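Visitor:
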Amino acid sequence: MPDYFSAAALIQVSYLVTAFLFIMGLKRMSSPVTARSGILWAGAGMVVATLATFFYPGMTNYPLIIIAVVIGGTIAWISGRRVAMTNIPQMIALYNGMGGGAAAAIAAVELYRGGGMSGTEATLAVVGGLIGAVSFSGSLIAFGKLQGLIRKSLRFGGQQFLNLLILAGAIVCGALIASGINASPMVVTGLFALSLLLGLSMTLPIGGADMPVVISLYNALTGLAVAFEGFVLGNAAMIIAGTVVGSAGTLLTQLMARAMNRSLANVLFSGFGDTGGAAAAGGTVSGSLKPIEASDVGVMMAFAQKVIIVPGYGMAVAQAQHKVWELCQLLIDHGVTVRFAIHPVAGRMPGHMNVLLAEAGVPYDLIADLDEINSEFETADVALIIGANDVVNPVARNDKSSPIYGMPILNADKAKNVIVIKRGQGAGFSGIENALFYLDNTRMLYGDGQAAVAQLIAAVKAV
Amino acid sequence: MTGIVALYIFMLAAFTGYEVIAKVPVILHTPLMSGSNFVHGIVLVGAMVALGSATSPLEKSIGFIGVLLAAGNAVGGYAVTERMLEMFKSSGARGAAGAKGKH
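Order-wise, the sequence lines are chains U and R. So that you can map any letter, position 301 of the first sequence is 301 in my numbering, and since no number is skipped, the others follow by simple counting. So that you can map any letter, position 74 of the second sequence is 74 in my numbering, and since no number is skipped, the others follow by simple counting.
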């Protein structure tokens, strides 16, 4: 930090305030009661830091800066306000990729300029640039996959070896630059080209089901890249915010992987997640599917003590969550205790189903996760399964030959009555037969999710 | 800032990040990931400094893209996080809001 005249001092104090607001904001975001205020705190921190930076000593190019902020900010604001809640995961990937790209751009400006950097600074600029560029191209692929723009998972023999080769090439370029042996623009271009390529080739083979873990990992990586570029620029706000996100993001990635019953290494290097090929496995299921009419289910639920609803992504696809909440309110008026049981992998990423239910107006205290609710199924009169399949399949508990064996499931089969709303007969997303559907206490309510729930609403009203 | 001070900051910030979210419930995983995504939008200040010090056309172009992307990260991250968290309400709050909203 060169001088201690007022502008520089003011900026330092502003960054300190920003760091405080960010950490408090994240802390508040980790409880549902205070979460809403958390983002406001963090948002205030961002405004303070951005405004202070306009007074940075020796700044030029103000018109360019303002134009870029206005264009980038406006597009992001409009897209962020408009996106459907079902598409939130890919938007997070997109915005995260932009952050990684920005970190890489800072590194590129410093490295193309050359000179004036110590060995340490040059090394950190290189590492941050590499990570940022990988996060940028990788996140864009993740966005494309979740958005349905990229449908295939590119896989071939020796893929891991090729990735290793690309990484080695990028490291060689980086070492040449950092050591000062050859920091020519051509080597710098090589570093960024190889890093971008690495992000592409790492992410292309990973299936859509595993994308949330990958996005979370890239989120942590972008944080790290920001922290490293913060070192290069001597910017404490970037170091602190970037590092906090780097470590919080790493922890969150592990939590997500655990919730999905996968290890991080498994996600990154085994190249599946499409759950193909496993369909043939699984033992035979005995019993028959027993259909039921909506009117009977309506009576059953209206006179129940306790109903537990198990929603899956199928409910969100059918846009049935608003109807489901309407049904719940009717049941609550009838004196029924209603709870929602959410499996960690319900939705496109852990916690996504909670967002979708919250959008429909379901209060979060009616929503319980697997550990909380599993003991309650035994006391429930009705478990209503809508759009969920594998997460309530009892074979995960007892059939060692099943591909989903060992996955924690919701014990819906323990309820006195199980009602499954399903479009038709046939196996689920993973192609595994669901033993729950054939149990003696299970009845099938066939039909489109939204229409079936509408019938249930009418049936309960008629009681 | 000297190297060792920077390392101290790095270490303490890493512990802070870990501790702050160590007990986060699964229901908040998606909003929290989005929230931390917003926080690294602080890269905007770095991108502004980089563009602010750029001289050659190449540096200016890259710096411009950097600021554009960083502003997208910060603003977009805020917009989606705020939308998600705004919807998290308890039964008590819901009852009050619902009574007002009913026609």
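From the three backbone atoms N, C-alpha and C, an ideal C-beta is built for every residue, glycine too. All of these numbers come straight from a predicted model, not from anything done at the bench.
(1) Would you verify that the beta carbon of I62 (chain R) is, or is not, closer than 8 Å to some beta carbon of chain U?
(2) If we ignore side chains and look at the alpha-carbon of each, how far apart do N434 (chain U) and M29 (chain U) end up?
(3) If we call anything under 8 Å between Cβ atoms a contact, is I309 (chain U) one with A19 (chain U)?
(4) Using 10 angstroms around the beta-carbon of F161 (chain U), count the other beta-carbons present and answer buried if the total reaches 16, otherwise exposed.
(5) Which of the three DSSP states, helix, strand or coil, is assigned to K400 (chain U)?
(6) If the cut is a Cβ gap below 7 Å, which residues of chain U does I21 (chain R) touch?
(7) Restricting to runs no shorter than 3 residues, where is the beta strand (DSSP E) found entirely within the segment 47-117 of chain U?
(8) Here's the rule I'm using: 16 or more other beta-carbon atoms within 10 Å means buried, otherwise exposed. How should L410 (chain U) be labelled?
(9) Does the contact criterion of 3 or more C-beta pairs under 8 Å hold for the segment 51-67 of chain U versus the segment 92-111 of chain U?
(10) List, in order along the chain, the chain A residues whose C-beta lies closer than 9 Å to that of P408 (chain U)?
(11) Check L44 (chain R) in the structure and name its three-state DSSP category.
(12) By Cβ distance, which residues of its chain are closer than 7 Å to A227 (chain U), with the 5 residues on each side in sequence left out?
(13) I want to see whether chain R comes within less than 8 Å of N354 (chain U), judged by CB atoms only; does it?
(14) For the pair the segment 17-26 of chain R and the segment 75-92 of chain U, tell me if three or more CB-CB distances fall below 8 Å.
(15) For the candidate residues U:L16, U:Q147 and U:G115, whose alpha-carbon lies nearest to that of I181 (chain U)?
(16) Which ranges would you report for the alpha helix (DSSP H) in the segment 362-444 of chain U if only whole runs of at least 4 residues count?
(17) Starting from the Cα of T442 (chain U), find the closest Cα among U:G223, U:A451, U:I419 and U:Q455 and give me that residue.
(18) So which residues on chain R does R81 (chain U) lean against when the C-beta distance must stay under 9 Å?
(19) According to DSSP, is A227 (chain U) helix, strand or coil?
(20) Measuring only between beta-carbons, confirm whether F20 (chain U) sits less than 8 Å from chain R.
(21) At a cut of 8 Å, does the segment 353-361 of chain U reach the segment 321-331 of chain U through at least three beta carbon pairs?
(22) Alpha carbon to alpha carbon, how far is A330 (chain U) from I421 (chain U)?
(23) Based on Cα-Cα distance, which residue from U:P403, U:E229, U:G174 and U:G97 lies nearest to D390 (chain U)?
Guide: Working from what's here:
(1) What you label residue 62 (chain R) is simply residue 62 of the second sequence in a count that begins at 1. True, the Cβ-Cβ gap to chain U drops below 8 Å.
(2) As a position in the first sequence, residue 434 (chain U) is number 434, starting the count at 1. As a position in the first sequence, residue 29 (chain U) is number 29, starting the count at 1. Their Cα atoms are separated by approximately 37 Å.
(3) As a working mapping, residue 309 (chain U) is identified with position 309 in the first sequence. As a working mapping, residue 19 (chain U) is identified with position 19 in the first sequence. Against a cut-off of 8 Å, the Cβ pair of A19 (chain U) and I309 (chain U) comes out as no contact.
(4) If you number the first sequence from 1, residue 161 (chain U) lands on position 161. Result: exposed.
(5) Numbered from its first residue, the first sequence carries residue 400 (chain U) at position 400. K400 (chain U): coil per DSSP, three-state reduction.
(6) Here residue 21 (chain R) refers to the residue found at position 21 when the second sequence is read from its first residue. Here the neighbours are L26, S30, A248, L251 and L252.
(7) none
(8) The residue you call residue 410 (chain U) lines up with position 410 of the first sequence. By the 10 Å Cβ count, L410 (chain U) comes out buried.
(9) no
(10) The question asks about chain A, but that chain is absent: this structure's protein chains are U and R.
(11) Position 44 of the second sequence, counted from the first residue, corresponds to residue 44 (chain R). In the structure shown, L44 (chain R) sits in a helix (DSSP, three-state: H, G or I).
(12) Your numbering for residue 227 (chain U) matches position 227 in the first sequence. Cβ neighbours of A227 (chain U) beyond the five flanking positions: M238, I239, G242, T243 and G246.
(13) Position 354 of the first sequence holds residue 354 (chain U). Closer than 8 Å to some Cβ of chain R, the Cβ of N354 (chain U) qualifies, so yes.
(14) no
(15) Numbered from its first residue, the first sequence carries residue 181 (chain U) at position 181. For the residues U:L16, U:Q147 and U:G115, the minimum Cα distance to I181 (chain U) belongs to U:G115.
(16) 370-373 and 395-398
(17) By one-based count along the first sequence, residue 442 (chain U) stands at place 442. For T442 (chain U), the nearest C-alpha among the options comes from U:I419.
(18) Here residue 81 (chain U) refers to the residue found at position 81 of the first sequence. Residues of chain R passing the Cβ test: A79, V80 and R83.
(19) The count along the first sequence starts at 1 and reaches residue 227 (chain U) at position 227. A227 (chain U) falls in the helix class under three-state DSSP.
(20) For the purposes of this step, residue 20 (chain U) is taken as residue 20 along the first sequence, with counting starting at 1. For F20 (chain U), the answer is no, since every Cβ of chain R falls outside 8 Å of its Cβ.
(21) Cβ pair count under 8 Å is three or more, so yes.
(22) Walking along the first sequence from the start, residue 330 (chain U) turns up at place 330. Walking along the first sequence from the start, residue 421 (chain U) turns up at place 421. The question names Ala, but residue 330 (chain U) in the sequence shown is Leu. Roughly 18 Å between the two C-alpha positions.
(23) What you label residue 390 (chain U) is simply residue 390 of the first sequence in a count that begins at 1. D390 (chain U) has its Cα closest to that of U:P403, out of U:P403, U:E229, U:G174 and U:G97.
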